[in-house]
Amino acid sequence: MRRSSRSVRALVIAATGGLALAGVTQLGSQAAVAAPVAQASSAPQSVIVVLKDQLPGAPATKAASGNRRAQATQQQESVLAKLTGTAPAKVKHFALGNAFSATVTPDQAAQLAADPAVGQVLPDSKVTLPDTNPAKSAESSAPQAGGGTAQNQDPNAICPSDPAKPLLEPEALTSIHAYSTDGSKAASDLADGSGVKVAFLADNMDPNYADFIRPDGSHVFTDFQDFSGDGPNTTESGAEAFGDASSIAAQGVVVHDLSKFVNEKHPLPAGCNIVVKGVSPGASLVGLNVFGSTATNSAVLQAIDYAVTVDHVDVINESLGLNQYPDASSRNLFQVFNDEAVAAGVTVTASSGDAGITSTIGSPATDPLVISAGATTDNRLYAQTTYAAFPFSNGKWTSDNISALSSSGITQDGRTIDLVAPGEGNWADCAPAYAECRDFKTVPQPTDLESFGGTSESAPLTAGVAALVIQAYRGTHHGASPTPAQVKQFITGTTRDLGLPADEQGSGLLDARAAVEAALTSPGTSGAPAGVSSNIALSADQLTLEGAPGSTQKATVNVTNVGNKPLTVTAGTRSFAPQGTQTQTTAFDSKTLPTFPYYNGTDWAYKKVTFSVPAGAQRLLARMAWQGSPKTVNGQSVTPVVRLTLLAPDGTFVANSRPQGGAATANYANVDVTRPAAGTWTAVLYSAAGATGYTGDIQLATSTQRTVPYGQVSPAVLTLKPGQTKPVKVSLATPASGGDADYSITFGSSDGHQTTVSAVLRSLIPTDNGKGSFSGTITGGNARAVSPAQTFSYEFDVPKGKKDLDVAVKLQDPGTVLDGVLVDPNGELADVNSNVFLNSPTTLLQGTGLQLTDANPLPGRWHLVLVVQNPVTGKQLEQPFTGTVGFDQVVVSAPALPNSAAKKLAAGQAVPVPVTVRNTGVEPIAIGVDARTNAQQTLQPQPIQGSTEVNLPEFNADAPVYSIPPDTSKFTVATSSSVPAQVELQGSAAGIDVLGDLQAAQAGSTVSVATIGEKQGYVTKGVWFADVQEIGPFGASGAPAGHASYTASMRTAGFDSAVTSSTGDPYDQSVDPNGTGGSPLIVSPGQTVTVTVTITPSGKGGASVAGHLNLVTVPTLPTGVTGLPQVGTGEVLATLPYSYKIG
């Protein structure tokens, strides 16, 4: 899974002694704002007017386009009718975006800008639009012509017995019942995706590669466009696009010889031939390149918009994303655009991420309207290539376990993934010209094949099944298309229960055959083909239930028989109870242990250890920890990685740990196995041989569990006639303390199908009595770049009238970086901090405490997210932590501070005011004083990094970075470009991401405005990133050269220049290009210090002054470099009002 559409960029903050931080950007939502109209003159002006109401109730579907156009035209005419003077000329109405263009007088332009129905008034510039024809490249020739595949192939065969009958790949096809090689029923017997159009967002590829040309000569791709700005003919990457396209619609006409792919040390016989086929080879593809060297999130939004409004696709696959905070928001434009696509009738599939099972699901997979896919294992590729220490096995393998790389767990809003699909160990087409198409030779060579996996594979496989479902439904429902909600229901309601926890498997494993059958036989059918089984459809694939700790929560799941015969359905619940745990510590020395040649020919050291699994175990969880501390080898810093492979008692290969950090260690790994065989298992531990590998102790814990019921369902058995729906009531208890738990609600039908509904139970942290507690256990992650190791999400309520909100977390091991993200009821970040603190003005330390504070907190429901950064220390397999949420704990006093309009202070006479501060928290704080007026002003923030003048295409490091101070209610960034472009404004943790009007930019506007604002409360303090992206799609030469100028403004409390302090103002850089960030005073827990504030009044005698002192902590402290959030916001600990009259 590609983690972001934009690369990480460095951020250097002088305020903390040049500490190097990092910022990452992803997608967000758009706020309608009034853009500045060009300087008035007597000449008429050509403008584009964008209305605030973008008609969410009238989506831009083919069927509803007439209704949307009528509503849009009516609203636009209403706005035009209000204008005084001569009638506007050259009026043109738009429907996709509710907007119109016209030539108006300067007075009319001003009237439009003041109209409350108008969102933006933009200049209408004349531009040359880019070529929208698909990119053309020379057609690739097939290495060989396919001549049919092996039928009834040996399930343990890695090469065909007859090279003329190649093996059908990927193995995923049979795992999800899309195809059959043993004569069993499969989806391919019923549908191939014909007539369905699927788009995918990825990188560049050759759409004319031979496996994307049908045997009749027609092309699978109907369109391929570049939105990255690099152009459609670049060859720097390619793996993602080829993998997505292959998973969905590869034709299986190119024969690949694996003997030419594998490493020389692991030869295969010549003629070890395979063909690669997609789930829905009859579907048409639209490829959209969004992963360019300068692409931002705007490129992704443009691609989604293009797919929906130009190509009118039925399905969009998004194998990309980011772990951001908050992870779902109406002001995250990625989510907004996806939701609009769904409203327009488009099914969206999304990969969950590749960061592991420890609550690492990334956006957009957190959106409840998309189909989010985690990953399961397919291990035949490992047998073919000897990956993952496969040679230690007996040559056999099992599949269909949860992949160790699969991002799952629980999201910040209490959801989990929808389903799982194969995402480990499968083949995809590639083309030798592309940089990522390389084989496993000791010196990698260009090739026509790739090993493709991750949830990046799981999502397009799911998209392919969506195409099958849409075709099948149309075929038996008089040509009508199912809604995206129906497609999701057919797919998630027919998954196969793997018997694993709900927060790992979602509803279960994707089943193409069952989903197609459900679509064929669903109510309204004109008749399904003979031999189609009955199925059930469920009203939800997951439930989120919240309440007080230990409270009973109830919900209802409606069960519908969408088949053609009566069904008996049994319902139940599932949790897991411990059966036993074996823990062992073994010494490992990569310099002395025996070695074996790894899949790529390098030598790895290994050690085998054994453990036992008792009879009756229904789950095996293996966890491993080691201390891969950095060391220097041959002048290079390395962090040794250890891998884990599990072999069943008979030697069958079962699973491996799949670390995702490359050479970066996670110091932790886990492997999950369903229904493990009883007996003595073997764990193979392995690391690079020699000095670069690991030497030290490895801890291994192997735990077995059995399933037990939890809660109640009623009725437990129900009989359904064809088309009949009955409710099943569910009753479950929330955890005993603040936090989450997950359970499965199981459904089995008399046709033999077993599926589940996931249930996440969240206990609110109780704050009714002033202080609530919570806890958790840190394990670790898999070192996936730009991803957390683990997250924990909590919710609690803040009453009205509290002076400060205080969160404290205590750890046992200071070596692990833990971030805290405090999200207010508006979705703004009230505080981001970590257990990394300033020990001196230029040095950082890590401690065992983390604290978060927000003065004058908004009343309402708050979220707390704890983020464990990679890597953990590896000193232990798990680390418990405890935390509290409380109020009014800050101790600050300033009795000499004037606080009366009757108090007179002489102009020009300095008045010292001691401010006493006691740190009542659990970690040191670096404090300063931010003196502000009570009146809000419009100020111009100064960039703390980057430039306000940039060349296009924009290089990320050139773009401006702003630091927004407390008390800011609105922040706006605008760009004026020489070519049409869209500006993007994103907070430091990427959860809020607003962009300028896309439709206006597409219509030719060179002015773009993005705004974030709050009616109550304030916008997020600290770092905000700005970017500007040109409008695609782009032709062969890529995005044109140009120039853009940034301007920014903010509505905030004024800075009181009459007030200084001994610490200075940590936020002075926000408005002062010469600001220093002050000299913060570091206060240890329990320590009391005094800050001297000096008021030197200036102004006319008799003038009244009113303001407040914000006691703040230093913003922009690093909170981790391996994933978001990477920088703190700073805190307002307390607000001290002052007032006086100049005497």
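In my numbering, each number is its position in the sequence shown, counted from 1, plus 10.
We put the CB at the ideal spot given by N, CA and C, even for glycine.
Backbone CA spacing between residue i and residue j [nearest angstrom]
i: Asn-966; j: Ser-303; result: 9 Å
i: Gln-85; j: Ala-984; result: 27 Å
i: Val-34; j: Phe-344; result: With a pLDDT of 31 at Val-34, under the threshold of 50, the predicted position of this residue should be treated as unreliable, and no value is reported.
i: Ala-558; j: Arg-871; result: 13 Å
i: Ala-945; j: Pro-126; result: 25 Å
i: Ala-799; j: Val-827; result: 10 Å
i: Phe-237; j: Gln-312; result: 7 Å
i: Ser-1114; j: Asp-977; result: 21 Å
i: Gly-1074; j: Gly-1096; result: 23 Å
i: Asp-761; j: Ser-194; result: 15 Å
i: Pro-1090; j: Ser-1071; result: 10 Å
i: Pro-176; j: Pro-607; result: 27 Å
i: Trp-636; j: Asp-682; result: 19 Å
i: Phe-462; j: Gly-435; result: 7 Å
i: Met-634; j: Asn-680; result: 6 Å
i: Val-579; j: Val-430; result: 23 Å
i: Val-817; j: Val-927; result: 18 Å
Residue environment, residue i, which counts as buried when at least 16 other CB atoms sit within 10 Å
i: Leu-415; result: buried
i: Lys-739; result: exposed
i: Lys-92; result: exposed
i: Gln-947; result: exposed
i: Lys-207; result: buried
i: Val-643; result: exposed
i: His-763; result: buried
i: Gly-645; result: exposed
i: Lys-1155; result: Given that the chain is displayed from residue 11 to residue 1153, the structure contains no residue 1155 and the question cannot be resolved.
i: Leu-855; result: exposed
i: Leu-106; result: Confidence in Leu-106 is poor, its pLDDT being 49 and thus under 50, which makes the residue's placement too unreliable to answer from.
i: Asp-172; result: exposed
i: Lys-287; result: buried
i: Gly-38; result: Any reading at Gly-38 is ruled out, since the residue's pLDDT is 26, under 50, leaving its predicted position unreliable.
i: Asn-880; result: buried
For residue i, three-class secondary structure by DSSP
i: Leu-178; result: strand
i: Ser-56; result: strand
i: Pro-607; result: strand
i: Arg-584; result: strand
i: Gly-573; result: coil
i: Gln-628; result: coil
i: Arg-1061; result: strand
i: Tyr-7; result: What is shown of the chain runs 11 to 1153, which leaves residue 7 out entirely.
i: Phe-237; result: coil
i: Thr-826; result: coil
i: Thr-578; result: strand
i: Pro-116; result: helix
Inset, instruction - Kindly confirm or deny that the region 648-666 and the region 388-407 touch, where touching means at least three C-beta pairs closer than 8 Å. - result: yes
Inset, instruction - Report the residue ranges of all beta strand (DSSP E) runs contained in full by the region 432-476; include only those spanning at least 3 residues, in chain order. - result: 436-439 and 459-462
Legend entry - Validate contact between the region 907-922 and the region 1091-1110 using beta carbons, cut 8 Å, 3 pairs: yes
Legend entry - Complete beta strand (DSSP E) runs within the region 945-979 (minimum length 3 residues, chain order): 953-955, 959-962 and 971-974
Inset, instruction - Determine, using beta-carbon pairs with one atom in the region 640-653 and one in the region 622-632, whether at least three such pairs fall under 8 Å. - result: no
Inset, instruction - Kindly confirm or deny that the region 673-690 and the region 586-601 touch, where touching means at least three C-beta pairs closer than 8 Å. - result: no
Inset, instruction - Inspect the CB distances between the region 510-525 and the region 465-478 and report whether three or more fall short of 8 Å. - result: yes
Legend entry - beta strand (DSSP E) runs contained entirely in the region 719-770, provided each spans 3 or more residues: 722-724, 727-730, 735-743 and 749-759
Legend entry - Inter-stretch contact (C-beta, 8 Å, three-pair minimum) for the region 407-424 and the region 209-227: no
Legend entry - Cβ contact check for the region 1131-1140 and the region 986-1000: 3 or more pairs under 8 Å: yes
Legend entry - Three or more C-beta pairs below 8 Å linking the region 376-386 and the region 340-354: yes
Legend entry - Segment contact, 8 Å Cβ cut-off, at least three pairs: the region 1012-1028 with the region 987-994: yes
Inset, instruction - Give a yes or no on contact between the region 610-624 and the region 556-570, applying the rule of three or more CB pairs nearer than 8 Å. - result: no
Inset, instruction - Note down, one range per segment and in chain order, each beta strand (DSSP E) of at least 3 residues found wholly within the region 242-307. - result: 261-267, 283-287 and 294-299
Inset, instruction - Take every Cβ of the region 693-703, pair it with every Cβ of the region 594-614, and state whether three or more of those distances are shorter than 8 Å. - result: yes
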